[in-house]
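K.L.:
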Amino acid sequence: MSEPAITPEIVAEHGLSPDEYDRVLSIMGRAPNITELGIFSVMWSEHCSYKSSKKWLKTLPTKAPWVICGPGENAGVVDIGDGQAAIFKMESHNHPSFIEPYQGAATGVGGILRDVFTMGARPVANLNALRFGAPDHPKTRHLVAGVVAGIGGYGNCVGVPTVGGEVEFHPSYNGNILVNAMTIGIADTDKIFYSEASGVGNPVVYVGSKTGRDGIHGATMASAEFSEDSEEKRPTVQVGDPFTEKLLIEACLELMATDAIVAIQDMGAAGLTSSSFEMASKGGLGVEIDLDRVPVRETGMTPYEIMLSESQERMLMVLEPGKEDVAKAVFDKWELDFSIIGRLTDTGRMVLTMGGKTVADLPIDPLAQAAPEYDRPWTPGKKLPEIAAAEVPERPWGEALLTLVGGPQGSSRRWVWEQYDHMVMGDTVGRPGGDAALVRIHGTKKGLAATSDVTPRYVVADAHQGGRQAVAEAWRNLTAVGATPLAITDNMNFGNPERPAIMGQFVEAIKGMGEACIALDFPVVSGNVSLYNETNGEAILPTPTIGAIGLMPDVEQSVGIGFAAPGQALLLIGPEGSWLGQSWYLAQVANRAEGAPPPVDLAAERRNGDFVRGLIRVGKVSACHDLSDGGLLVAVAEMAMASGIGADVSAQGPHLHAALFGEDQGRYVLAADEAEAAGILAAAAAAGVPARRLGTTGGDALSVNGKDAVKVADLTAAHQGWFPAFMG
Amino acid sequence: MKSAVIVFPGSNCDRDAAVAITRVTGHAPRMIWHRDADLPDLDLIVVPGGFSYGDYLRSGAMAAHSPIMAAVKAKADKGVRVLGICNGFQVLTEAGLLPGALMRNQSLSFICRDVLLRVETSNSDFTSGYNAGQVVRIPVAHHDGCFFADEATLDRLEDEDRVAFRYCDAQGNPADAANPNGSRRNIAGILNPGRNVLGMMPHPERLADPLLGGTDGAPMFRALAAALS
Numbered sequence: 024m025s026e027p028a029i030t031p032e033i034v035a036e037h038g039l040s041p042d043e044y045d046r047v048l049s050i051m052g053r054a055p056n057i058t059e060l061g062i063f064s065v066m067w068s069e070h071c072s073y074k075s076s077k078k079w080l081k082t083l084p085t086k087a088p089w090v091i092c093g094p095g096e097n098a099g100v101v102d103i104g105d106g107q108a109a110i111f112k113m114e115s116h117n118h119p120s121f122i123e124p125y126q127g128a129a130t131g132v133g134g135i136l137r138d139v140f141t142m143g144a145r146p147v148a149n150l151n152a153l154r155f156g157a158p159d160h161p162k163t164r165h166l167v168a169g170v171v172a173g174i175g176g177y178g179n180c181v182g183v184p185t186v187g188g189e190v191e192f193h194p195s196y197n198g199n200i201l202v203n204a205m206t207i208g209i210a211d212t213d214k215i216f217y218s219e220a221s222g223v224g225n226p227v228v229y230v231g232s233k234t235g236r237d238g239i240h241g242a243t244m245a246s247a248e249f250s251e252d253s254e255e256k257r258p259t260v261q262v263g264d265p266f267t268e269k270l271l272i273e274a275c276l277e278l279m280a281t282d283a284i285v286a287i288q289d290m291g292a293a294g295l296t297s298s299s300f301e302m303a304s305k306g307g308l309g310v311e312i313d314l315d316r317v318p319v320r321e322t323g324m325t326p327y328e329i330m331l332s333e334s335q336e337r338m339l340m341v342l343e344p345g346k347e348d349v350a351k352a353v354f355d356k357w358e359l360d361f362s363i364i365g366r367l368t369d370t371g372r373m374v375l376t377m378g379g380k381t382v383a384d385l386p387i388d389p390l391a392q393a394a395p396e397y398d399r400p401w402t403p404g405k406k407l408p409e410i411a412a413a414e415v416p417e418r419p420w421g422e423a424l425l426t427l428v429g430g431p432q433g434s435s436r437r438w439v440w441e442q443y444d445h446m447v448m449g450d451t452v453g454r455p456g457g458d459a460a461l462v463r464i465h466g467t468k469k470g471l472a473a474t475s476d477v478t479p480r481y482v483v484a485d486a487h488q489g490g491r492q493a494v495a496e497a498w499r500n501l502t503a504v505g506a507t508p509l510a511i512t513d514n515m516n517f518g519n520p521e522r523p524a525i526m527g528q529f530v531e532a533i534k535g536m537g538e539a540c541i542a543l544d545f546p547v548v549s550g551n552v553s554l555y556n557e558t559n560g561e562a563i564l565p566t567p568t569i570g571a572i573g574l575m576p577d578v579e580q581s582v583g584i585g586f587a588a589p590g591q592a593l594l595l596i597g598p599e600g601s602w603l604g605q606s607w608y609l610a611q612v613a614n615r616a617e618g619a620p621p622p623v624d625l626a627a628e629r630r631n632g633d634f635v636r637g638l639i640r641v642g643k644v645s646a647c648h649d650l651s652d653g654g655l656l657v658a659v660a661e662m663a664m665a666s667g668i669g670a671d672v673s674a675q676g677p678h679l680h681a682a683l684f685g686e687d688q689g690r691y692v693l694a695a696d697e698a699e700a701a702g703i704l705a706a707a708a709a710a711g712v713p714a715r716r717l718g719t720t721g722g723d724a725l726s727v728n729g730k731d732a733v734k735v736a737d738l739t740a741a742h743q744g745w746f747p748a749f750m751g
Numbered sequence: 002m003k004s005a006v007i008v009f010p011g012s013n014c015d016r017d018a019a020v021a022i023t024r025v026t027g028h029a030p031r032m033i034w035h036r037d038a039d040l041p042d043l044d045l046i047v048v049p050g051g052f053s054y055g056d057y058l059r060s061g062a063m064a065a066h067s068p069i070m071a072a073v074k075a076k077a078d079k080g081v082r083v084l085g086i087c088n089g090f091q092v093l094t095e096a097g098l099l100p101g102a103l104m105r106n107q108s109l110s111f112i113c114r115d116v117l118l119r120v121e122t123s124n125s126d127f128t129s130g131y132n133a134g135q136v137v138r139i140p141v142a143h144h145d146g147c148f149f150a151d152e153a154t155l156d157r158l159e160d161e162d163r164v165a166f167r168y169c170d171a172q173g174n175p176a177d178a179a180n181p182n183g184s185r186r187n188i189a190g191i192l193n194p195g196r197n198v199l200g201m202m203p204h205p206e207r208l209a210d211p212l213l214g215g216t217d218g219a220p221m222f223r224a225l226a227a228a229l230s
């Protein structure tokens, strides 16, 4: 085996700047070998080090009395009472999904599942937020089909229900789709596992699948340089094996029920390198690994390949001394590889051996401490003018409504979620298609509500307001089913941070998100940053996806969006519609993607939402829907389509289109028994919450001010028709 | 009723089946690991849904050759009731306990949704809680649910009253549009000649709790418990 010399080209291929390489030299006190260089490269990569984003992420609120563990671990942990915790995180798998949509999306699901069960939680729900290019772009259908099949193929097989998410189309994603996957798990609060290694001499154990050459980090260089017989280049996209993942979940949870595990960490990005490094680093220890003991799938693998492989379905554990046999028996039962590959030391160094020789030896703390952190220059976004409703031409509302609910953005996503098993595990109380999914906590009457939200067209127009809105909408969606919002995970998808305008989007979005988190008591407990989402210098819309969970004390109290019966009173909570800037109406009916997005009044958001949740909890509401994309009339239409029951609504104001389709924030439509309506309005007045009688449910059509009825069946045909027709 | 749920590596509806049976009948089934070669004294064996051994070969093909399936066959031969749901149905056809095969859905996509079924016969311990001709709503969740058998086999299944369920519309018609996967003659579930083995693609265990949106699956477990207690 001949080791390649470290040339400036090889350093550059590993994504290290000359300045960063100087730091490597000073830490090592000598030139690194190729394996060591590879380890530096991945540990200091944007993905592992958060070097461009750390400064700003630190400003987000992460604490609340119910937060058990915030960012920094594999996933965030919140207390849900009765000795249980919800553990959750969202993570992107954007680039792999564009290259190979099925495996890219599938392994995205696998990775986020491992982040959650590595902490001791049984995964109970998956969500995903997908963003594709324009529907008429030649690659879009292929990508939609592959990503959806991949998410389903993985989640369905592991037997975790996929209960919610989003699908959006925009030309900015033509060359860079977004696949953000989220998993929620449940653990006992006294059985949460962390990655901090402890106990000098404790065994370091590798379990799961074998290590292959798949997924080795982009700049793998010609493998021919590594060995005499030139290996073919392997694709850098990993291949998922959901069956092994299912076994790994069961085996890990079985072992976690004993007291054998000291620390555990999944092998995600940068595989064995980052998992072993992070465990030792957090514990202030060193680690020795014998690479000959790593289970491998192929012969002749080099230390570089073993350390940087991103083969899936693998975990690294530190065991209590003497528990090796207990642990091995569990993994034997599940027919998974189990190998003691090393031990913890007090040297503070990572020492790798192979064939009896030391192949890498580097200091852990200095490498972690010296990880670059940048304060990238940024410029604030330009404020866009407010669009006056009077400037926007009006079309008949029925025609506009059919365009919106039957178009690429507003149509039903049933075609997507019917390919996901959303019922397995037998606790899905709120299926896809509502404001938030609702999963009962097994064996109890409690439930977790979950949603994923962001409105990228608002963020690009005003990242500050857009950041606030993304958090507020997630909070609102949880509230609309009756849940108490608990915490969020943020998946920050942006372009190249080295461009000040893009960095400005990131900074302003974070500021807006932080304000909303504080105002709504909705801390960030986990997250992921995906930068450099650009193709040919064209950045995606800034997309800070917010995954959020809330607690429902009794799932029987929750409500859906469908009208329960004819003859129910409809109430509007929150202000009248007025804001058409950046609205669906403006973009899809008037063909203008313009103006400032709607501002978010966080105090009003909180007040209105708390009021609505209170009503739901005492059983005064029979259906509830938040107002977001498309405004009031789209929301009412969705409620009608979900039930097959029509409604008449009254609309006020000088501009009917703004009243019906304005996207003003902090609003809800409620349905309630006629007998409750007056009481609700009186309570709203007392609470200072704007509210009015909106109309009444009934019939088979939707009408406004008693006129121009549109059949619910026609709305449904348009709403259900678009996606299947698009996909053929 | 003494019941058991078989657990293969990759089973993922084993717990759901156990929960539904316990909820409806009050009897908690035993969970039997696939490597066990013996079965205790039992009245009902459930072969649950999931992806046994990953289903990387034909669905159910690996599980059909696991040690436990020989024991299940022996029990079935003695008249013990065997219920195969989804992947369990696939396993039972692969193991030769039921005729036909489950092929990839006609759409080629995984499909998860509530479907309507017409109960074709109430003449079995599985279906005696329903009336023949009754329309029930039960979810499907599968990639390989297209039931196929040759014409002679299909005729025999019909002649012997061994079709348990058919996909149908709200009026009970086995219409093409109501067939989610392209199954021959809209067949969703079948019985063996002894009527003690039922395989079905839909998941009765998923709608046996009103909070989950329906209870049309519950009569199956209730009827089994009544017949076997």
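Protein chains in written order, with the numbering used here: chain D, 24 to 751; chain E, 2 to 230.
A virtual CB, placed ideally from N, CA and C, is assigned to each residue, including glycine.
Measure the alpha-carbon distance for D/Ile3 versus D/Gly127 and round it to whole angstroms.
P.N.:
Outside the displayed span of chain D (24 to 751) sits residue 3 of chain D, for which this structure offers no information.
K.L.:
Report yes if the CB atom of D/Phe216 is closer than 8 Å to the CB atom of D/Ile329, and no otherwise.
P.N.:
Taking 8 Å as the Cβ cut-off, D/Phe216 and D/Ile329 do not qualify as a contacting pair.
K.L.:
If you measure from the beta carbon of E/Phe222 to each beta carbon in chain D, is any gap under 8 Å?
P.N.:
No - not a single Cβ of chain D is within 8 Å of the one on E/Phe222.
K.L.:
Which word fits D/Pro9, buried or exposed, when buried means at least 16 other C-beta atoms lie within 10 angstroms of its C-beta?
P.N.:
Within the shown structure, residues of chain D are numbered from 24 to 751, placing residue 9 of chain D beyond reach of any answer.
K.L.:
Between the Cα of D/His116 and the Cα atoms of D/Gly667, D/Asn56, D/Pro124, which residue gives the shortest distance?
P.N.:
That would be D/Pro124, whose Cα lies nearest to the Cα of D/His116.
K.L.:
Would you list, in chain order, the members of the stretch 431-447 of chain D that have their beta-carbon closer than 7 Å to a beta-carbon of chain E?
P.N.:
Those would be Glu441, Gln442, Tyr443, Asp444, His445, Met446, Val447, in chain order.
K.L.:
Run through chain A and tell me which residues come within less than 8 Å of E/Pro30, C-beta to C-beta.
P.N.:
You won't find chain A in this structure, because its protein chains are D and E.
K.L.:
Along chain D, in chain order, which residues have C-beta atoms closer than 8 Å to that of E/Val120?
P.N.:
Per Cβ cutoff of 8 Å: no residues; E/Val120 is ~21 Å from chain D at best.
K.L.:
Any beta carbon of chain D sitting closer than 8 Å to that of E/Arg207?
P.N.:
Cβ-Cβ to chain D under 8 Å: yes for E/Arg207.
K.L.:
Rounded C-beta distance between D/Gly604 and D/Glu617? I'm assuming under 8 Å.
P.N.:
Yes, they are in contact, since the Cβ atoms of D/Gly604 and D/Glu617 sit about 7 Å apart, within 8 Å.
K.L.:
Spatial neighbours of D/Val167 within its chain, please: C-beta separation below 6 Å, excluding the five flanking residues on both sides.
P.N.:
Closer than 6 Å at the Cβ level, and outside the excluded window around D/Val167, lie Phe155.
K.L.:
Taking only three categories from DSSP, how would you classify D/Asn149?
P.N.:
Note: D/Asn149 maps to strand in three-state DSSP.
K.L.:
How is D/Met340 classed by DSSP in three states: helix, strand or coil?
P.N.:
In this structure, D/Met340 counts as strand in the three-state DSSP scheme.
K.L.:
For a cutoff of 8 Å on Cβ pairs, would you count D/Asn179 as touching chain E?
P.N.:
It does; some Cβ of chain E falls within 8 Å.
K.L.:
According to DSSP, D/Gln107 sits in a beta bridge with which residue or residues?
P.N.:
D/Gly104, D/Asp211, per the DSSP bridge assignment.
K.L.:
Rank D/His118, D/Asp476, D/Ala293 by C-alpha distance to the C-alpha of D/Val190 and give the top, closest one.
P.N.:
Ranking the options by Cα distance to D/Val190, first place goes to D/Asp476.
K.L.:
Taking all protein chains shown into account, decide if D/Arg53 is buried (16 or more other Cβ within 10 angstroms of its Cβ) or exposed.
P.N.:
It is exposed - the Cβ of D/Arg53 has fewer than 16 other Cβ atoms within 10 Å.
K.L.:
Quick one, which residues of the stretch 298-330 of chain D are near chain E if we go by CB-CB under 8 Å, in chain order?
P.N.:
Listed by position, the residues of the stretch 298-330 of chain D near chain E (Cβ gap below 8 Å) amount to none.
K.L.:
From D/Glu521 to D/Asp398, what distance separates their C-alpha atoms?
P.N.:
Those two C-alpha atoms are separated by around 10 Å.
K.L.:
Under 9 Å between beta-carbons, which chain D residues line up against E/Asn13? List them in chain order, please.
P.N.:
The answer, in chain order, is Asn179, Cys180, Val181, Gly182, Val183, Lys269, Asp444, Val447, Met448.
K.L.:
So who's on the other strand from D/Leu725, going by DSSP bridges?
P.N.:
For D/Leu725, which the question treats as bridged, DSSP gives the partners D/Ala670, D/Val733.
K.L.:
Out of D/Asn56, D/Trp357, D/Ala473, D/Glu43, which has the shortest C-alpha to C-alpha gap to E/Gly55?
P.N.:
Minimum Cα distance to E/Gly55 is reached at D/Trp357.
K.L.:
State the start and end residues of the unbroken alpha helix (DSSP H) segment that holds D/Val132.
P.N.:
Counting along the chain, the alpha helix (DSSP H) containing D/Val132 begins and ends at 124-140.
K.L.:
Could you say which of E/Phe148, E/Ser123, E/Phe127 lies nearest to E/Val81 if we only look at CA atoms?
P.N.:
The residue with the shortest Cα to Cα distance from E/Val81 is E/Phe127.
K.L.:
Quick one: grab the DSSP three-state call for E/Gly195.
P.N.:
If DSSP states are grouped into helix, strand and coil, E/Gly195 belongs with coil.
K.L.:
Which two residues bound the contiguous alpha helix (DSSP H) that contains D/Pro31?
P.N.:
Segment 31-36, the alpha helix (DSSP H) holding D/Pro31.
K.L.:
Going by other Cβ atoms of all chains shown within 10 Å of its Cβ, with 16 needed for buried, is D/Thr281 buried or exposed?
P.N.:
Answer is exposed; the Cβ neighbour count stays below 16.
K.L.:
Return the CA-CA distance between D/Ile596 and D/Ala626, expressed in angstroms with no decimal places.
P.N.:
Distance between the alpha carbons of D/Ile596 and D/Ala626 is about 14 Å.
K.L.:
Starting from E/Trp34 and walking both ways along the beta strand (DSSP E), at which residues does that stretch end?
P.N.:
From DSSP, the beta strand (DSSP E) with E/Trp34 extends over 31-34.
K.L.:
Nearest by alpha-carbon distance to D/Lys734: which of D/Pro389, D/Trp440, D/Ala698, D/Glu661 is it?
P.N.:
Residue D/Glu661 is the option with its Cα nearest to D/Lys734.
K.L.:
Would D/Lys730 be called buried (16 or more neighbouring beta carbons within 10 Å of its own) or exposed?
P.N.:
Per the 10 Å Cβ criterion, exposed.
K.L.:
For my contact list, E/Phe9 and E/Ala64 are in at a C-beta cut-off of 8 Å; report their separation, rounded to the angstrom.
P.N.:
So it is a contact: roughly 5 Å between Cβ atoms.
K.L.:
Measuring CA to CA, which of D/Ala503, D/Ile525, D/Ile464 is closest to D/His487?
P.N.:
Of the candidates D/Ala503, D/Ile525, D/Ile464, the one whose C-alpha sits nearest the C-alpha of D/His487 is D/Ile525.
K.L.:
Report buried or exposed for E/Ala177, applying the criterion of at least 16 other Cβ atoms within 10 angstroms of its Cβ.
P.N.:
Sequence inspection shows Asp at residue 177 of chain E; the Ala mentioned does not correspond to that position. Counting Cβ neighbours within 10 Å, E/Asp177 comes out exposed, since fewer than 16 surround it.
K.L.:
Should E/Trp34 be labelled buried (16 or more other beta-carbon atoms within 10 Å of its own) or exposed?
P.N.:
Exposed is the call here.
K.L.:
Pull up the DSSP beta-bridge partners for D/Met758, would you.
P.N.:
Here chain D has residues from 24 to 751 only, and residue 758 of chain D is not among them.
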